[in-house]
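Notes for the one structure printed next.
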Amino acid sequence: MAGDWYREGLRFSCTQCGRCCTGAPGYVWVTQREVEALRAFLRTTPEDFARRYLRKVGPRASLIEKPNGDCIFYDRGCTVYPARPDQCRTFPFWSENLKSRSAWDAAADDCPGMGSGRLYSAAEIRRIRGGEADAAVR
Ligand code: SF4
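So in our numbering, the last spot in the sequence shown is 139, and the numbers never skip.
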């Protein structure tokens, strides 16, 4: 059965190393709800937020990056942590990382928090994977 390989749960505690927020270019997709949460957290206007922090990619919106590939909100840690988007909130319990033990281990090569710290049960992981906001990784 899918997910059977982590039936005993998985350990993860973020060390705040910043590797997942920095370096190689990528996308942090944001919905209107997530934009609104960030905008409220930063106490700025929709226009200002869009101008300073968003880029359109086809029909979707992503946070922009600094020229070196770092997340625009990364500054020796996440500067919008309480309002971070679901993509960040649910890491590392993404479908692609949960496909198999080897996929998890491969992702863990770049994330020192995976495999140690807090034990998440299989049920918790399934809730997080399903994207339920109240099941987010703390
Ligand atoms: S790479 Fe892992 S440990 Fe480092 S900041 Fe990202 S989630 Fe945390």
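Beta carbons are placed, not taken as given, at the ideal position from N, Cα and C, and that holds for glycine.
Cβ-based neighbour list, residue i, same chain, cut-off 8 angstroms, excluding 5 preceding and 5 following
{"i": "residue 56", "result": "62, 63, 64 and 65"}
{"i": "residue 126", "result": "4, 7, 10, 11, 94 and 99"}
{"i": "residue 46", "result": "40"}
Sequence-distant residues of its chain with Cβ nearer than 6 angstroms to residue i (five each side left out)
{"i": "residue 16", "result": "113 and 114"}
{"i": "residue 69", "result": "none"}
{"i": "residue 14", "result": "114, 118 and 119"}
Classification of residue i by the beta-carbon crowding that lies within 10 angstroms, buried from 16 upward
{"i": "residue 134", "result": "Confidence at residue 134 is low in this model, with a pLDDT of 47, below 50, so the placement of that residue is unreliable and no value is reported for it."}
{"i": "residue 32", "result": "exposed"}
{"i": "residue 121", "result": "buried"}
{"i": "residue 86", "result": "buried"}
{"i": "residue 48", "result": "exposed"}
{"i": "residue 25", "result": "exposed"}
{"i": "residue 38", "result": "buried"}
Beta-carbon proximity list for residue i, same chain, < 7 angstroms, skipping 5 on both sides
{"i": "residue 80", "result": "74"}
{"i": "residue 22", "result": "71, 72, 75 and 79"}
{"i": "residue 28", "result": "58 and 63"}
{"i": "residue 123", "result": "4, 7, 8 and 10"}
Option nearest residue i by Cα separation, candidates the options
{"i": "residue 59", "options": "44, 30, 36 and 48", "result": "30"}
{"i": "residue 77", "options": "43, 18 and 124", "result": "18"}
{"i": "residue 131", "options": "102, 116, 117 and 97", "result": "97"}
{"i": "residue 35", "options": "23, 54, 124 and 20", "result": "54"}
{"i": "residue 92", "options": "129, 52 and 50", "result": "129"}
{"i": "residue 42", "options": "83, 51 and 20", "result": "83"}
Worksheet item: Is it true that the segment 57 to 71 meets the segment 104 to 114, where meeting means three or more beta-carbon pairs spaced less than 8 angstroms apart?
Response: With a cut-off of 8 angstroms, the segment 104 to 114 and the segment 57 to 71 do not count as touching, because too few Cβ pairs lie within range.
Worksheet entry | Whole alpha helix (DSSP H) elements within the segment 22 to 93, 4-residue minimum | Within the segment 22 to 93, the complete alpha helix (DSSP H) runs of at least 4 residues fall at 33 to 43, 47 to 54 and 87 to 90.
Practice prompt. Please write down, chain order preserved, every residue whose beta carbon lies under 6 angstroms from a heavy atom of the ligand MN.
Written response: Among the ligands in the structure shown, the ligand MN does not appear; only the ligand SF4 can be found there.
Fill in: 3 or more residues per run - each beta strand (DSSP E) lying fully within the segment 88 to 131
If we require 3 residues or more, the beta strand (DSSP E) runs fully inside the segment 88 to 131 come out as 115 to 121.
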